[in-house]
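2 protein chains.
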Amino acid sequence: MSIVLNSELKIYRNIRGFNFPSKLNSEDAKTILEKISIPLLEKGYKRYAVEGLNSLEKLDLYEEGKITVDVLENEKFSAIFLLENNPSILVNGKNHITIIKSTDDLNFSKLYGEVSEIDDLLDGNVEYAYRDDFGYLTSNPQECGTAMVIEANLHLPATDYFGMSSMRESLKRLGYIALPLGGSSKSVGAIYKISPDRTIGEKEGDYIDKFTNILKEITEMEEQNRKNLYLEKIIDLEDLANRAYGALRYCRIIDEEEMINKMSDLFLGIELSILKPKKNIELVDTINQFKNGHLQIERGSLLDAKSIDILRANNIRKMMKEVF
Amino acid sequence: MSIVLNSELKIYRNIRGFNFPSKLNSEDAKTILEKISIPLLEKGYKRYAVEGLNSLEKLDLYEEGKITVDVLENEKFSAIFLLENNPSILVNGKNHITIIKSTDDLNFSKLYGEVSEIDDLLDGNVEYAYRDDFGYLTSNPQECGTAMVIEANLHLPATDYFGMSSMRESLKRLGYIALPLGGSSKSVGAIYKISPDRTIGEKEGDYIDKFTNILKEITEMEEQNRKNLYLEKIIDLEDLANRAYGALRYCRIIDEEEMINKMSDLFLGIELSILKPKKNIELVDTINQFKNGHLQIERGSLLDAKSIDILRANNIRKMMKEVF
Numbered sequence: 001m002s003i004v005l006n007s008e009l010k011i012y013r014n015i016r017g018f019n020f021p022s023k024l025n026s027e028d029a030k031t032i033l034e035k036i037s038i039p040l041l042e043k044g045y046k047r048y049a050v051e052g053l054n055s056l057e058k059l060d061l062y063e064e065g066k067i068t069v070d071v072l073e074n075e076k077f078s079a080i081f082l083l084e085n086n087p088s089i090l091v092n093g094k095n096h097i098t099i100i101k102s103t104d105d106l107n108f109s110k111l112y113g114e115v116s117e118i119d120d121l122l123d124g125n126v127e128y129a130y131r132d133d134f135g136y137l138t139s140n141p142q143e144c145g146t147a148m149v150i151e152a153n154l155h156l157p158a159t160d161y162f163g164m165s166s167m168r169e170s171l172k173r174l175g176y177i178a179l180p181l182g183g184s185s186k187s188v189g190a191i192y193k194i195s196p197d198r199t200i201g202e203k204e205g206d207y208i209d210k211f212t213n214i215l216k217e218i219t220e221m222e223e224q225n226r227k228n229l230y231l232e233k234i235i236d237l238e239d240l241a242n243r244a245y246g247a248l249r250y251c252r253i254i255d256e257e258e259m260i261n262k263m264s265d266l267f268l269g270i271e272l273s274i275l276k277p278k279k280n281i282e283l284v285d286t287i288n289q290f291k292n293g294h295l296q297i298e299r300g301s302l303l304d305a306k307s308i309d310i311l312r313a314n315n316i317r318k319m320m321k322e323v324f
Numbered sequence: 001m002s003i004v005l006n007s008e009l010k011i012y013r014n015i016r017g018f019n020f021p022s023k024l025n026s027e028d029a030k031t032i033l034e035k036i037s038i039p040l041l042e043k044g045y046k047r048y049a050v051e052g053l054n055s056l057e058k059l060d061l062y063e064e065g066k067i068t069v070d071v072l073e074n075e076k077f078s079a080i081f082l083l084e085n086n087p088s089i090l091v092n093g094k095n096h097i098t099i100i101k102s103t104d105d106l107n108f109s110k111l112y113g114e115v116s117e118i119d120d121l122l123d124g125n126v127e128y129a130y131r132d133d134f135g136y137l138t139s140n141p142q143e144c145g146t147a148m149v150i151e152a153n154l155h156l157p158a159t160d161y162f163g164m165s166s167m168r169e170s171l172k173r174l175g176y177i178a179l180p181l182g183g184s185s186k187s188v189g190a191i192y193k194i195s196p197d198r199t200i201g202e203k204e205g206d207y208i209d210k211f212t213n214i215l216k217e218i219t220e221m222e223e224q225n226r227k228n229l230y231l232e233k234i235i236d237l238e239d240l241a242n243r244a245y246g247a248l249r250y251c252r253i254i255d256e257e258e259m260i261n262k263m264s265d266l267f268l269g270i271e272l273s274i275l276k277p278k279k280n281i282e283l284v285d286t287i288n289q290f291k292n293g294h295l296q297i298e299r300g301s302l303l304d305a306k307s308i309d310i311l312r313a314n315n316i317r318k319m320m321k322e323v324f
């Protein structure tokens, strides 16, 4: 069953002898960028100055998870390096360097290998800020040490149906956090970002193994909850899935959050064989296709909120006709 | 356009020399019933002792508006007289006699004629409690005088969409009340019961004429609002109507209130030609068909709330398939 939506691994690196980006002057920012550019461009990466991107391009990169808020906020100094199927490198966000890669399974070891390869490449060209007692130094002291951030987005509709609070409590006791999508205070599409709540003091390998095990346990619990939902609440489940189908098939105006919620219900229905699509579709791809940013990029212009909601409804109805 | 759902006219009568029903003893109650029975049975009416009705029969009569709460509450003494296409007569509710008739248009004069005919018939057999200064005496002193209650249920979805508060304020100033269906504090299906807030001091004819004019004004305002909704908010309107269609066509569980709300949206869509049914359907009939009472009567047994909601959803889906 499709529960893991994506896993992401990020490492932060800073260069010895330079201020963190928030206190960096223009000249130093340029120097850092040049130092990093040489090996990356040689490897085939393309460099994009964030300032040079238009709003739609920024939206697109942001929704695809290839750019982070700090890099957008620091756009006078920041840049990104992209190469298909390779980690992205963000320069001069909150840290000098962020290396980031994601996948749609739980293979953090593979992600770590890919990110480390870029890490080693850069390490040969710049001197990292590193201390034996603190490890890699980062702008946020809590991220010192391995300076690695790992997280996974899971689709937990059945667990959410029965109530997420006990799972969130257990995770908290074990040192992990489950946050609703987009940092919302309530569930959005029953998608939760799970991450360890600290990075200091553990080797990367152990850290990844423990986290992977936790994620597998959550996944098993969601599978069990889906079975229970099917066996004990079949009519409620049919109601949920079919109403989502009805809303998505007939709406004329729909906002992003409702779209995500209804897609979540729809996919739960598909995975429990209550709804039978003619085509194979994926939750993340489907949601991304109807997000505010993507719709405006597709249309090629910035739109007001209501126009986006109408365009989204039109596109969703079309998709629903094709898929069912 | 279908705005007036039904109009109802009721008169209360009490018999001189007897206590009001709340303080009536068993023997007097029987005497009253006998006095009234003679002319009604002669005319072809059938008499039903309320105590002798089973729960499903009571539910049915209640949902069809043929019986009132006070008559049900006083079931040891109360009875009803029914004859197709004729006014119903309720005996020993809050008053000794209630004569009641409704229609699906605004023809209160016709209703008054029909009710008066029964009134005259009974007047020949019993002596009414009447005083020159107070008029007909009733258990509720506010209803003395003509002891006549008139009301109409209107479907005002467009007015409701733009906000009912200013209309309700204006009506109040003119001496009328607009109450949401079922006495709810919020709009249910945009159906409002309109009635004068006092009965004393006016002749029946004037009272009816004034009320009819008020109702015509409300009807015209709703027509205007529907036009505005169509011209200014066409996409919102399409969204509303089509989502109602989607929900009713695909739900597996639906409670009575949601059913009424969605039917209201559906019918607004039908009347503004956004939805095109293959068959002609009426709002009131459709709603009544899916009410808690009717569903249980059709099934022939009392059901728990969840079973009713499931049965309702099944029947609605079937109807939607047939009609669209």
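Line by line, the protein sequences give chains A and B.
Using full-length UniProt numbering, the letters of the first sequence correspond one by one to residues 1 to 324.
Using full-length UniProt numbering, the letters of the second sequence correspond one by one to residues 1 to 324.
Quick reminder that beta carbons are idealized off the backbone N, C-alpha and C, glycines included.
Fair warning: this is a prediction, and the values are worked out from it, not measured in the lab.
Next on the checklist: Is A/E271 close to chain B? Criterion is C-beta to C-beta, closer than 8 angstroms.
Outcome noted: A/E271 does not count as touching chain B.
Item to check | Where B/A190 falls, given that 16 or more other Cβ within 10 Å makes a residue buried | outcome: buried
Next on the checklist: For the beta strand (DSSP E) containing B/M148, name the first residue and the last one.
Outcome noted: 148 to 155
Checklist entry - Who are the near neighbours of A/V69 in its chain, counting only those whose CB is closer than 7 angstroms to its CB and skipping five residues on each side? => result none
Checklist entry - Do the segment 259 to 278 of chain B and the segment 225 to 240 of chain B touch if we need at least three Cβ pairs shorter than 8 angstroms? => result yes
Item to check | Buried or exposed by the 16-neighbour rule on C-beta atoms within 10 Å, applied to B/S301 | outcome: By the beta-carbon neighbour count (other beta carbons within 10 angstroms, threshold 16), B/S301 is exposed.
Checklist entry - Which partner residues does A/R47 have in the DSSP bridge list? => result Looking at the DSSP assignment, A/R47 forms a beta bridge with A/F81.
Checklist entry - Along chain B, which residues have their Cβ under 7 angstroms away from the Cβ of A/D265? => result Those do not exist, as A/D265 stays about 12 angstroms from chain B at its closest Cβ, beyond 7 angstroms.
Checklist entry - Checking contacts by CB at 8 angstroms: is A/R168 closer than that to chain B? => result no
Checklist entry - Is A/K172 near the ligand SAH, judged by its Cβ being under 7 angstroms from some heavy atom? => result Among the ligands in the structure shown, none appear at all, so the ligand SAH cannot be discussed.
Next on the checklist: Can you tell me whether A/N14 is helix, strand or coil according to DSSP?
Outcome noted: coil
Next on the checklist: Just to confirm the assignment: which complete beta strand (DSSP E) runs, minimum length 3, are found wholly within the segment 77 to 136 of chain B?
Outcome noted: 79 to 82, 88 to 91, 97 to 103
Item to check | Where B/I235 meets chain A, residues with beta-carbon distance less than 8 angstroms | outcome: R252, I253, I310
Next on the checklist: Taking the straight line between their C-alpha atoms, what separation do you get for A/K210 and A/L272?
Outcome noted: Cα-Cα distance, rounded: 30 angstroms.
Next on the checklist: List, in chain order, every chain A residue whose beta-carbon is nearer than 8 angstroms to that of B/N315.
Outcome noted: In chain A, no part has a C-beta under 8 angstroms from the C-beta of B/N315; the shortest such distance is about 15 angstroms.
Checklist entry - Applying the criterion that 16 or more other CB atoms from any shown protein chain within 10 Å of the CB defines a buried residue, is B/L231 buried or exposed? => result Of the residues assessed, B/L231 falls on the exposed side of the cut-off, its CB having fewer than 16 other CB atoms within 10 angstroms.
Next on the checklist: Using the Cβ count rule (16 or more neighbours within 10 Å means buried), how would you classify B/N261?
Outcome noted: buried
Checklist entry - Which residues, in chain order, does the segment 238 to 250 of chain A contribute to contact with chain B at a C-beta distance below 7 angstroms? => result E238, D239, N242, R243, Y245, G246, A247, R249, Y250
Checklist entry - Candidates A/S116, A/E202, A/K321, A/N153: which alpha carbon is nearest A/P277's? => result A/K321
Item to check | Integer Cβ distance of B/I97 from B/I80, believed to fall under 8 angstroms | outcome: Not a contact, Cβ separation roughly 11 angstroms.
Item to check | Collapsed DSSP secondary structure at A/V4 in the structure displayed | outcome: strand
Item to check | 8 angstroms Cβ cutoff met for B/Y112 and B/L83 | outcome: One thing to note: B/Y112 has its Cβ no nearer than 8 angstroms to the Cβ of B/L83.
Checklist entry - Alpha carbon to alpha carbon, how far is A/P180 from A/Y192? => result Going from the Cα of A/P180 to the Cα of A/Y192 covers about 5 angstroms.
Item to check | Under the three-state DSSP convention, the category A/P277 falls into | outcome: coil
Next on the checklist: Taking a contact to mean a Cβ-Cβ separation below 8 angstroms, would you say B/D60 touches B/I308 in this structure?
Outcome noted: no
Item to check | Beta-bridge partners of A/L179, as assigned by DSSP | outcome: Beta bridge pairing from DSSP links A/L179 with A/K193.
Checklist entry - Does the beta-carbon distance from B/N92 to B/L24 come in below 8 angstroms? => result yes
Checklist entry - Does the distance from the C-beta atom of B/N315 to that of B/F290 stay below 8 angstroms? => result yes
Checklist entry - When you compare each of A/L5, A/S2, A/L9 to A/E151 by their alpha carbons, which one comes out closest? => result A/L9
Item to check | Residue range of the unbroken alpha helix (DSSP H) whose run includes A/T31 | outcome: 26 to 42
Item to check | Short Cβ contact (8 angstroms threshold) for B/I15 with B/Y128 | outcome: yes
Item to check | Close beta carbons around A/E63, own chain, < 7 angstroms, minus the five adjacent residues each side | outcome: N288, K291, G293, H294
Checklist entry - Quick one: what's got a C-beta closer than 7 angstroms to B/V71's C-beta in the same chain, skipping five residues either side? => result V50, S78, I80, L90, G93
Next on the checklist: Considering only their Cβ atoms, is the gap separating B/L229 from B/A178 smaller than 8 angstroms?
Outcome noted: Between B/A178 and B/L229, the gap from beta carbon to beta carbon reaches 8 angstroms or more.
Next on the checklist: Just to confirm the assignment, what range does the alpha helix (DSSP H) spanning B/K321 have?
Outcome noted: It spans 305 to 323 - the alpha helix (DSSP H) in which B/K321 sits, taken as one unbroken run.
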